[in-house]
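Position 168 of the sequence shown, counted from 1, bears residue number 216 in the working numbering, the numbering being contiguous throughout.
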Amino acid sequence: MKKTLIILIVLLVIAISLIVLYLLKGKEVLNFDKVETNDPAIEKLVTISQSNVSAFIFVTQESENDHRLHINMTPVINLTLAEKEVENFKIENFKGDSKIGEVLLIHPTSLARENEGATLLFTEISELMNNESIRSNGDSIDYVVTDTVTKYNEVAKRDSIVPSFGIVVKSIGTVDYKNILDRDKVFEGSKYLEYSGIKLGDITTSIQFDLVMEFTDGTKYTKRFAGSLDGNRFSTETVPLFELKSVE
Numbered sequence: 049m050k051k052t053l054i055i056l057i058v059l060l061v062i063a064i065s066l067i068v069l070y071l072l073k074g075k076e077v078l079n080f081d082k083v084e085t086n087d088p089a090i091e092k093l094v095t096i097s098q099s100n101v102s103a104f105i106f107v108t109q110e111s112e113n114d115h116r117l118h119i120n121m122t123p124v125i126n127l128t129l130a131e132k133e134v135e136n137f138k139i140e141n142f143k144g145d146s147k148i149g150e151v152l153l154i155h156p157t158s159l160a161r162e163n164e165g166a167t168l169l170f171t172e173i174s175e176l177m178n179n180e181s182i183r184s185n186g187d188s189i190d191y192v193v194t195d196t197v198t199k200y201n202e203v204a205k206r207d208s209i210v211p212s213f214g215i216v217v218k219s220i221g222t223v224d225y226k227n228i229l230d231r232d233k234v235f236e237g238s239k240y241l242e243y244s245g246i247k248l249g250d251i252t253t254s255i256q257f258d259l260v261m262e263f264t265d266g267t268k269y270t271k272r273f274a275g276s277l278d279g280n281r282f283s284t285e286t287v288p289l290f291e292l293k294s295v296e
């Protein structure tokens, strides 16, 4: 009897754990790591004037029968720094959670900003972008700190700092372009999500990362940002915008 009771308790604990994990999936807070706090004097030196993310669906054409859907997210974080100068600038501890695809941190490259354009991967606009080319170089980014920003992987050492980086939820679904065209005699590019059969709620994706600035005098500023894209917003919005909030 006692052995049966122990087994029942273990099964109950496992069941509760699975339920908790399911409820947490897609929420803004992805873990319970301790958030590093700044000295109040350092905190006052940095003003965050903008911290949001725009998202949209894009397609790579793998073949006539495989048009692959992905989500692109473009974060915009605008920092204004008073007095101090930056020695090192990093994004660290990136985490993404999505039910429908792999969440990748897209690193900026040394491509010059003055070029006529760049892909979502910060490569030449002429370069082919397909499912295989969408990949990440890890969950951290080290930027080049400079007086004058001319490349995507650079940030200014003083005043206004706006780091470039991207986030992609890779391969969330496929559309058989040729089959639909043969069937309907027309293919409407605005209906990719409809054609794919993806449930909009499944697109919901949460992200989190730390921004770290080390100053020339040896002091440091750290801020954790987190936010969540509600997939259901794609029912009425082509490019939904969501806020990145600092985690205290």
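Every residue, glycine too, gets a C-beta built ideally from N, C-alpha and C.
Beta carbon of residue i nearer than 8 Å to that of residue j
i    : j    : result
V210 : N201 : no
T253 : N86  : no
F137 : H118 : no
A160 : K132 : no
T128 : D207 : yes
V260 : E140 : yes
G249 : G279 : yes
S102 : V287 : yes
N100 : E291 : yes
S181 : F142 : no
Beta-carbon contacts of residue i that lie in its chain and below 8 Å, excluding the five residues immediately before and after
i    : result
T196 : A204
I173 : N163, E164, G165, A166, T167
G74  : Summary for G74: the model assigns pLDDT 40, below 50, so the residue's position carries little reliability; its value from the coordinates is reported in the next sentence. Taken in chain order, the residues that qualify are D145, S146, K147, T252, T253, S254, S276.
N227 : N113
S283 : L248
T194 : E202, V203, A204, K205
M177 : T108, T167, L168, L169, T171
E76  : Low local confidence applies: a pLDDT of 43 at E76 is under 50, so the model's placement there is unreliable, with the coordinate-based value given in what follows. Around E76: S254, Q256, A274, G275, S276, K293.
D265 : K132
Selected residue, minimal CA-CA separation from residue i, among the options
i    : options                : result
V134 : T252, F263, I125       : F263
T222 : T198, R281, N179       : N179
A130 : E91, N120, P288        : E91
S111 : K147, N120, D224, E140 : D224
A274 : F213, F257, T171       : F257
K293 : N280, R272, G279       : R272
R183 : L176, L169, T194       : L169
L289 : A89, E175, V124        : V124
D190 : V295, L93, S212        : S212
S217 : A89, E84, F104, T194   : Here residue 217 is Val; the residue named in the question, Ser, does not match the sequence. Nearest option by C-alpha distance: F104.
Close Cβ partners of residue i (< 6 Å) along its chain, the five nearest in sequence each way excluded
i    : result
N126 : S97, Q98, V210
I67  : Residue placement at I67 cannot be trusted, given a pLDDT of 41 that sits under 50; the coordinates are not used to answer.
K268 : E262
N185 : H155
I109 : Ile is not the amino acid found at residue 109; the sequence shown has Gln there. Excluding residues within five positions, the ones whose Cβ falls inside 6 Å are H115.
I57  : Bear in mind that the predicted position of I57 carries a pLDDT of just 48, short of 50, making it unreliable; the figure below should be weighed with that in mind. Taken in chain order, the list of residues that qualify is empty.
E84  : T270
T95  : T128
S244 : L117, G221, V223
R281 : P288
Near the ligand FAD: residue i beta-carbon under 7 Å from a heavy atom
i    : result
N201 : Absence of the ligand FAD from the depicted structure is noted, as is the absence of any ligand whatsoever, leaving it without description.
Neighbourhood of residue i by C-beta, 7 Å cutoff - its chain only, sequence neighbours within 5 removed
i    : result
I220 : L117, H118, I119, I148, G149, I246, I251
L229 : F235
D232 : none
E296 : V83
L93  : L129, A130, E131, K132
Start-end ranges of the beta strand (DSSP E) lying completely within the region 102 to 155, minimum 3 residues | 114 to 129, 134 to 146, 150 to 154
Are the region 149 to 164 and the region 232 to 242 touching by the rule of at least three beta carbon pairs closer than 8 Å?
-> No, because fewer than three Cβ pairs between the region 149 to 164 and the region 232 to 242 fall closer than 8 Å, the two stretches do not touch.
Length-filtered (3 minimum) beta strand (DSSP E) runs lying within the region 179 to 217 = 192 to 194, 202 to 204, 207 to 209
Which full runs of the beta strand (DSSP E) of 3+ residues lie inside the region 228 to 271, going along the chain?
-> 253 to 263
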